[in-house]
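One structure is given here, and the rest of the page talks about it.
There are 2 protein chains.
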Amino acid sequence: MQKQETLTKNQKIILDLIEKSDQPLKAYSILFDVKKKGINAPLQVYRALNKLVKIGKIHKIESRNAFIACKNSKCQIANATIFSICESCEDVTEIHDNKLSEHLRDFKDNKGMKYNKYNLEFFGLCKKCV
Amino acid sequence: MQKQETLTKNQKIILDLIEKSDQPLKAYSILFDVKKKGINAPLQVYRALNKLVKIGKIHKIESRNAFIACKNSKCQIANATIFSICESCEDVTEIHDNKLSEHLRDFKDNKGMKYNKYNLEFFGLCKKCV
DNA sequence: TAACACTGTGTAATAATATAACATAATTAA
DNA sequence: TTAATTATGTTATATTATTACACAGTGTTA
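For the protein sequence lines, the chains are V and S, in the order given. Using our numbering, you'd call the opening residue of the first sequence number 396 and step up by one each time. Using our numbering, you'd call the opening residue of the second sequence number 396 and step up by one each time.
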């Protein structure tokens, strides 16, 4: 078992908000939404986001500068993320595919690099937008 | 054969600069460097960068907001990029691995999404930094 | 050749994303 | 109970990227 992280007030507020959305949220839109809860400054948001990313509760969609909750209840995949992103409606879905994950986990380059993390983003058109 | 793109003056200046570096460059560092060539504003840089990305001459390292030249002379892989990034020295290398590329190209999710592009970034420690 | 579409340019302003620096408080570990 | 660590609140600022506008060059096409 992993150490159970205890979240602080700010971290909880922000995680709650992100978990209620099934789509990624941007930092300043989060800030706008949590102002009524007493979080006033960007830095307070970014600090919480960074922590939540670190412990795997949320992931950053790098190409969109946005944050989405990890749906995997185990939350042990902070370091191995795969997303599909629709370039039309911007719908983002986390992908869980054992075969692909294995391949990525086992990947070795020829430079002797030691990997501990990867992020993969697929882009295209979802069923609705095709 | 693909249509041979003709680059404009600004695009050439900026591509030259990026190709001379074996590491990713950031937009504002590029701007600083090309001021002596008469490129004065961020937008001039971003416009050239966007075009160069589009035609596959350079790639954006999303997690770093930086741009690196594509070393593949065919430049047909604008839509399928794999990088390894050392989290200590920030060294970035483009990875060409046929087997992995095939897997990614052939990947199908169960949502009927139509992919036309992907970007994969591996993070870890390079040989020097281990 | 004129009208048009398309792409690129130059400039100014501003939006959006993210961090530095500082003082202080709460929590945990020794 | 001191020290170390982590989080907070606030102000200011750095970094990354786009909007808006006027105009110039190129290549259709009619």
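For every residue, glycine included, the Cβ atom is placed at its ideal position computed from N, Cα and C. This structure is a prediction, so every number in the text was calculated from the model and none was measured.
Annotation for Thr401 (chain S): no residue places its beta carbon closer than 7 Å to its own, counting only its chain and skipping 5 residues before and after.
Of all alpha-carbon atoms in S:Val525, S:Ile453, S:Gly507 and S:Asp501, the one lying nearest the alpha-carbon of Cys521 (chain V) is that of S:Gly507. If the five residues before and after Leu412 (chain S) are omitted, its C-beta is found closer than 8 Å to the C-beta atoms of Leu420, Ile425, Asp428 and Val429, all from its own chain and listed in chain order. Interface annotation, Ile450 (chain S): not in contact with chain V, CB-CB separation never under 9 Å.
Taking the CA atoms as reference points, Glu457 (chain V) sits about 24 Å from Leu410 (chain S). If only uninterrupted beta strand (DSSP E) runs of at least 3 residues are considered, those enclosed by the stretch 439 to 509 of chain V are 453 to 456, 461 to 464, 475 to 481 and 487 to 489. Here DSSP, grouped into helix, strand and coil, assigns Asn514 (chain S) to strand. Glu414 (chain V) is not a Cβ neighbour of Ile477 (chain V), given a cutoff of 9 Å.
Interface annotation, Ser479 (chain S): in contact with chain V, CB-CB separation under 9 Å. Per DSSP, the beta-bridge partners of Gly519 (chain V) are V:Cys481 and S:Tyr510.
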